[in-house]
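In terms of my numbering, the sequence shown opens at residue 2 and continues consecutively. Glycine included, every Cβ here is placed at the ideal spot set by N, Cα and C. Below is one structure, written out as structure tokens, with a few remarks after it.
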Amino acid sequence: MLNKIHLFILLLFWGITSVMADNVVTTVQELSSYPTDHDFYNFAKVDSIEYSLSTPYHTLHTHIDNLDEDNYHPGVAAMAFPKYNLTFKQRKQLAIELKLIFFQKGIFIDNEDIPLTKNYIDKKSNTNRYFVSKNLPNIYLEKQENGEWMYSIYSTQRIHTLFRELYPSLTSNLVLFASKPKQSSSKFLGVKLWQWASLAVLIISSYLFYYFGVWLTNKFLKDFLAKINQENLGKLIVLKLRNPIAMIMIMVIWYYMVPFILLSEQVTYVAMNIIKLISSFYVIILLFYIADIFVVRIQYFSHKSSKVDKNLIPVIRVCFRITFIVIGILFGLSVFGIDVSRLITGISFGGVALAFAAQDTVKNFFGSLMIFADKPFVVGDWVNIKGQEGIVEEIGFRTTRIRTFQDSLLNIPNGTVVNTDVDNFGKREYRRYKTYLSLPYNTTPDKIEEFIKVVKDIIKQHPRTRKDFYEVHMNEFSASSLDVLLYVFFSVKDWSEELNAREKLILSILRKAKEIGVDFAFPTQTLYMKRDD
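As structure tokens, this is what we get:
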């Protein structure tokens, strides 16, 4: 419900803002800052209206300014078009159609971008041409033999075809009719009544289309997920994607419909930029959610297969989000006409400089990737790194956290981890136990042999000992005992199980030793005292 209210308020605010901006802009002098040097720029007059074609700047302003509602002189605007096989009426018609093409394409004349040079040369073609916009590569100005700048013959031959493509069927006639200032002159708050009606229809249609977009997205996504047998992801995907997709569809409609309302050039320019901004925002949101969906799928496979380490999921999630957000930002910049290729080149050089400035951070990040790739340890392993022992709690982007046996939390940079020796006790298949069973010196050899045999039998019967490799032997004469070597391995998962297995083994040895009458030695000394009689 909040999303619906938000959409309605947004559209209503946009409509009111457009009207208010239109009123404000009409009080501002629009595109009328001609250079005042009449002699240098060779100004001429048509029906007492001054114009100049000396530079690309003057030619474009001659064309555009003289088709404004409060300065409507199509005969003057027609002077920007060559006379080649064209009547004066045809040139006026081309001037009107080309301005409407500019509106539909979102091209608005910015006097700071238009050269004031009489002998301007295009750098790419190395000719006296000025391309109005990269969105219209076939429309350009060309310097004539008499020094005047006009639209090229090649451009004029394509204007009418391009106009019919952008305004098909009856739309072209309606737009041409509405663009004439004498038609539909009734106004309310400075805006024509038909424009008010068009705004109202557009807002209401957008509100209704939002529901249609949500329904269409629900249906399409659910059908698609059913075909790939992934209905369990339906709720997650549909809920995340339907609102951004619906809003993007609405913004696309507004982008193509707003120019048809024929608001003033400045208002249309601001409106188109707002539409682009909102569209870019929802594209970024959409890509952000798509990144999360990819991660959910990877996480789903990680539970079913050991090929994907579940500890890698947080790293994948951040990487996917950053990547998709960057893609969305680059898309938004391209929508605003920014050359993304140059920006990417600049970012690449900046990335090198940043890598040098933050090499420790980069080193730790790639260290984390190496840890996930090589898997020297995983969360829960008992490790020894640079003399520090503990249980691995978390493997992050920058550091690995280890809970020591003193219950303190140790953070070791991942760059350090990958460049040092890691002793992973958690990867042991068997846990070794080595000790000496000390017997008194008065124990007979037969008893010692019997004792060794008993200990070997205990090892064989123990459920946790390794049966294919163990050692029990009379090994050494100590200062106060005969030492029997006990060398055995336990097949256990952790330290707690190891202690339990060791305890059962030791208790079994003590019981059997008592049964066969074998005692254990303890450190003793015999003191001989000599008396002098």
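### Task
Determine the DSSP secondary structure at His74, reduced to helix, strand or coil.
coil
### Message
Taking the alpha-carbon of Phe82 as reference, which of Lys461, Asp69 and Glu98 has the nearest alpha-carbon?
### Response
Glu98
### Query
Near Pro75, what residues of its chain come up, given a Cβ to Cβ distance below 8 Å and the 5 sequence neighbours on each side ignored?
Asn67, Leu68, Lys93, Ala96 and Ile97
### Query
Helix, strand or coil: how does DSSP classify Ala45 here?
strand
### Query
Among the residues of its own chain, which have a CB less than 6 Å from the CB of Asp252, if the five just before and after it don't count?
It is worth fixing the name first, because residue 252 is Met in this sequence and not Asp. The residues are Ile276, Ile279 and Ser280.
### Task
Take Lys435 and list the residues in its own chain whose beta-carbon comes closer than 6 Å to its own, dropping the five residues that flank it on each side.
In its chain, beyond the 5 residues on either side, Tyr488 have a beta carbon closer than 6 Å to the beta carbon of Lys435.
### Query
Alpha carbon to alpha carbon, what distance is there between Pro245 and Phe332?
15 Å
### Message
Going by C-alpha to C-alpha distance, which of Asp408, Gln389, Ile386 and Phe378 sits closest to Ile396?
### Response
Phe378
### Reduced DSSP secondary structure (H/G/I, E/B, other) of Val380
coil
### Query
For Asp424, which of helix, strand or coil comes out of DSSP?
strand
### Message
Nearest by alpha-carbon distance to Glu516: which of Arg243, Leu486, Val456 and Asp495 is it?
### Response
Val456
### Assigned exposure category for Leu242 - 16 Cβ within 10 Å defines buried
buried
### Query
Closest by CA to Tyr256, which one among Tyr212, Phe289 and Leu203?
Leu203
### Start and end residues, beta strand (DSSP E) containing His474
It spans Glu472 to Phe478 - the beta strand (DSSP E) in which His474 sits, taken as one unbroken run.
### Task
Assign Gln91 to one of three DSSP states: helix, strand, or coil.
helix
### Contact the stretch 459-466 vs the stretch 408-416: 3+ CB pairs below 8 Å
no
### Task
Within the same chain, show all residues whose beta-carbon is closer than 8 Å to that of Arg322, passing over the 5 residues directly before and after it, in chain order.
Its chain contains Phe289, Ala292 and Asp293 as the residues whose beta carbon lies nearer than 8 Å to that of Arg322, once the 5 sequence neighbours on both sides are disregarded; these appear in chain order.
### Query
Under 8 Å between the Cβ atoms of Gly391 and Thr401?
The answer is no: Cβ separation not under 8 Å.
### Query
Out of curiosity, what's the CA-to-CA distance linking Glu146 and Asn129?
11 Å
### Query
Between which two residues does the beta strand (DSSP E) harbouring Ser439 extend?
Counting along the chain, the beta strand (DSSP E) containing Ser439 begins and ends at Arg432 to Leu440.
### Task
From the DSSP output, in three-state form, read off Gly329 for me.
helix
#### Entry: 8 Å Cβ shell around Thr525 - same chain, five flanking residues per side excluded
Ser481
### Task
Please look up how many angstroms separate the CB atoms of Leu101 and Val176, rounded, as I've assumed it's under 8 Å.
6 Å
### Task
Measuring alpha carbon to alpha carbon, tell me which of Gln389, Gly427, Ser342 and Val336 ends up nearest Lys376.
Gly427
### Query
Which same chain residues, not among the five before or five after Pro441, have their C-beta less than 8 Å away from its C-beta?
The residues are Ser482, Leu483, Asp520, Phe521 and Ala522.
### Query
In this structure, what does DSSP give as the bridge partners for Gly391?
Val384 and Thr405
### Query
Does the distance from the CB of Leu486 to the CB of Glu472 come in under 8 Å?
yes
### Task
Leaving aside the five residues before and after Ile58 along the sequence, list all residues of the same chain whose C-beta is less than 7 Å from its C-beta, in chain order.
Reading off the sequence shown, one finds Tyr at residue 58, where the question assumed Ile. Around Tyr58: Asn112, Ile115, Pro116 and Leu117.
### Where the alpha helix (DSSP H) containing Tyr85 begins and where it ends
Segment: none, Tyr85 is in no alpha helix (DSSP H) and carries neither H nor E.
### Task
Return helix, strand or coil for Glu143, following the three-state DSSP convention.
strand
### Message
Nearest by alpha-carbon distance to Trp496: which of Lys531, Phe478 and Val384 is it?
### Response
Val384
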